[in-house]
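Visitor: Quick one: this structure, given as structure tokens, is what I'll be asking you about.
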Amino acid sequence: MFSRRFEPPANKSFSKASKANKSSSSFSKSHGVSKSRHESRHHRRPTTATTHAPNETALSPTGTLTPSIVTLVIGKDQRIFAAHEDVLSASPWFQQALSNQYMDPQNSKRIHLPDEEPEIFSSVLEYMYKGDYYPRLIHNKRRNSWEIEQIEDDGQGSNEYTVYHHAIDGDILKDTVIYCTADKYGLEELKKVALRKQGLQSGIQCSTILTSARYAYANTPDTDSKLRAHYLALIIRSRSTFKRSGTMQLEMFNGGTQLFFDLFVALCNHVDDISSAQNTPRSNRHFF
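If you read the sequence shown in my numbering, its first letter stands for residue -1, the second for the next number, and so on.
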């Protein structure tokens, strides 16, 4: 969906990166988000979205869309998106925002979201119309498992799994930001899709994982038991890599997040589980 530039990883990763066949999508793929703050924004095409044929879940009760269109102004660069009001109303947040606008007859149906990233919002809007966002989830019938669709290598290298986020001035896992955005807008099914996609990622740098985990903790409520647990389990599974990571040491030194206390508790529970398993009588095992 978005043009990207490849930057060779400078840090450790705990598995090989997944590569990829880009599927067709009616959403515009011409715009992009810079992976470097030094990259000129003049080379990027404007992020725009027109109305598209939605999936069935986005339709109004009558099975058709009303012609009412809402203009959305996204990000610091004020990229323009447009969407059907019926589609946006699937989100409790947007439903409330649009209801508030009706109270002022002079106010056109225009919503400003200066803190959102255009690339992330494009994916959210794509989901609201199609039920998924690029790259899509594909069900492997032979293995009876879910996979992420293959992404075509255009020879220049690509990374569809991270996005440059202005708030942190660095790369972050795209699915993590989408999960947090879905939580804000009350899109529970989108949260499930984003979480499942994160579980299928591989080859992510330690620094990106830690930055994304910190972002997840900063943008989810303390009651969240999905995304936070995902990062705790991911770090524990890859502990042999993380314990050698200078980035991990620096992050723990800087602190300022609940992440590392939760990680400590999770590691203690992990050790307790191992100890308990070792002390459990193995009555069904025979020794010769």
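Glycine residues also receive a C-beta, built at the ideal position from the N, C-alpha and C atoms.
Keep in mind that this is a model prediction, so the values were computed, not measured.
In this structure, does DSSP put ASP84 in helix, strand or coil?
Guide: helix
Visitor: Can you tell me where the alpha helix (DSSP H) with SER238 in it begins and where it stops?
Guide: First-last of the alpha helix (DSSP H) with SER238: 237 to 240.
Visitor: So the alpha helix (DSSP H) ASP260 belongs to, where does it begin and stop?
Guide: 257 to 277
Visitor: In its own chain, which residues sit with a C-beta less than 8 angstroms from the C-beta of CYS178, not counting the 5 before and 5 after it?
Guide: TYR213, ALA214, ASN217, THR218 and LEU225
Visitor: Would you identify the three-state DSSP class for LEU70, choosing helix, strand or coil?
Guide: In the structure shown, LEU70 falls within a strand segment according to DSSP collapsed to helix, strand and coil.
Visitor: Is DSSP giving ARG108 helix, strand or coil here?
Guide: strand
Visitor: Could you say which of ASP181, TYR183 and ASP173 lies nearest to ALA192 if we only look at CA atoms?
Guide: ASP173
Visitor: Reducing DSSP to helix, strand and coil, say where TYR229 ends up.
Guide: helix
Visitor: Here's the rule I'm using: 16 or more other beta-carbon atoms within 10 Å means buried, otherwise exposed. How should THR160 be labelled?
Guide: buried
Visitor: Taking just the CA atoms, how far does THR209 sit from LYS190?
Guide: 21 angstroms
Visitor: Taking the alpha helix (DSSP H) that SER121 falls in, what are its first and last residues?
Guide: 116 to 128
Visitor: To which residues of the same chain is LEU230 closer than 7 angstroms at the C-beta, ignoring the five residues directly before and after it?
Guide: ASP260, LEU261 and ALA264
Visitor: For ASP181, which three-state DSSP category applies?
Guide: helix
Visitor: Could you give the DSSP three-state label for ASP222: helix, strand or coil?
Guide: coil
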